[in-house]
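Report on one structure; see the data block that follows.
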Amino acid sequence: MEKPFEVDRMEYPFTDRWLPYRDGYIHYIDEGQGPTVLLLHGNPTWSYLYRNVIKELRREYRLIAPDYPGFGMSKAPAGYRFTPQEQSAAILDLIRRLDLKDFVLVVQDWGGPIGLNYAVRHRKNLRGIVVMNTWAWPAKILPMKMFSLAMGGRLFGYWLQTRRNFFAKVIVPHGIYHTDKVTDSLKKAYTDPFPTPKSRIPTWVFPGQIRKARSWLADIESKLPNLSDLPAQILWGSKDSAGFPPEQMAKWQRYLPMNETEILDDASHYVQEDRPDRVAASIRRIWIRT
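Using UniProt numbering, the first residue of the sequence shown is number 1, and each one after it goes up by one.
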């Protein structure tokens, strides 16, 4: 496969892999050997988000990080609408075709609903879960509703995302607490996947789906009790202003009573960028506990 853009090989020194998906394809990385860990990203990120976690753990585990169709280096099939339901179906297809068994699921941002939609239906195939600044239920708090209206709206939101590439250019840097980590290389890695207005539509669809996918999210929430015996590590960036206050973390603690929780006072929304060391430690901790 020809890569759609280049990445700093010092930052992302992995073998690119490609899985045909209808008339498109899913790009993913599959590094290391040992117990399996599946790492799911959110908006507008891709497998690059987990690069430092993977570099630390690949001598101990098998780490798989896909890019959703329309994100990173993946190519969406014809007629794809970039909804979380479709993205979750793409991940289910990847899990089945790679024959992933007894794995740890790691989720953040939209990776939460996308991954939990699988988890609540396949509890026996999971060893544990690591949860970071995410949700898996209909949005009820005002900041999330307002964010959805503004960023996913048909006029201003559409213009911001498709014309200004606002998510990749502005939201990602502002969602990283340690500003010294926001390098030119990092900014390029998150803007390069979206070179044209059409390519940026997936970043606009996701925020609107916070409202539009309400019934799908409610269905996932209704099944979260299926995970009451699942070992969980909750890793929460406390400096997140994107609608993930401590109340959202507390909701996860209720739904995942087999949790150990760590609050990071030096991390914002993109915990993997701010504290990859603690993400790696949480993954190790799950395997120790199980």
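Glycine included, each C-beta is placed from N, C-alpha and C at the ideal position. This structure is a prediction, so every number in the text was calculated from the model and none was measured.
message: Are the CB atoms of R285 and E260 within a distance shorter than 8 Å?
response: yes
message: I need the boundaries of the alpha helix (DSSP H) containing residue 291, first residue and last residue.
response: Since the first and last residues shown for the chain are 1 and 290, residue 291 lies out of range.
query: For W18, which beta-bridge partners are listed by DSSP?
result: H27
field: Per-residue burial, V53 [other beta carbons within 10 Å of its own, 16 or more giving buried]
entry: buried
Beta carbon proximity, L155 to chain D, threshold 8 Å: The structure shown has no chain D; it contains just one protein chain.
query: When you compare each of M258, D265, A267 to residue 324 by their alpha carbons, which one comes out closest?
result: Nothing in the structure corresponds to residue 324, since the chain is present only between 1 and 290.
Inter-residue spacing [alpha-carbon to alpha-carbon] between T290 and Q233: 12 Å
task: Can you say whether P202 is buried or exposed, counting buried as having 16 or more other CB atoms within 10 angstroms of its CB?
output: buried
- prompt: Between I176 and the rest of its own chain, which residues show a CB-CB distance below 7 Å, the 5 nearest in sequence each way excluded?
  reply: V182, S268, Y270, E273, D274
- prompt: Nearest to V205 by alpha carbon, out of G128, G42, P20?
  reply: G42
- prompt: Hey, how far is the Cα of W159 from the Cα of D229?
  reply: 44 Å
query: In whole angstroms, what separates the C-alpha of I79 from that of G24?
result: Note on residue identity: the sequence assigns Gly, not Ile, to residue 79. C-alpha separation (whole angstroms): 11 Å.
N- and C-terminal bounds of the beta strand (DSSP E) containing M132: 126-134
- prompt: Hey, Y61 and S47 are a contact pair by Cβ (cut 8 Å); roughly how many whole angstroms apart?
  reply: Their Cβ separation, rounded to whole angstroms, is 15 Å, which puts Y61 and S47 out of contact at 8 Å.
field: Beta-carbon proximity of E221 to A136, cut-off 8 Å
entry: yes
- prompt: Does the Cβ of G115 have 16 or more other Cβ atoms within 10 Å, making it buried, or fewer, making it exposed?
  reply: With 16 or more Cβ atoms within 10 Å of its Cβ, G115 is classed as buried.
message: In the DSSP output, which residue or residues are listed as bridge partners for A65?
response: I29
- request: Give every residue of the same chain whose Cβ lies closer than 7 Å to the Cβ of W110, excluding the five residues on either side of it in the sequence, and list them in chain order.
  value: G42, N43, P84, F206
message: I'd like the span of the alpha helix (DSSP H) that includes E247, first residue to last.
response: Its alpha helix (DSSP H) spans residues 246-255.
field: As assigned by DSSP and simplified to three states, the class of V170
entry: helix
task: Reducing DSSP to helix, strand and coil, say where E60 ends up.
output: coil
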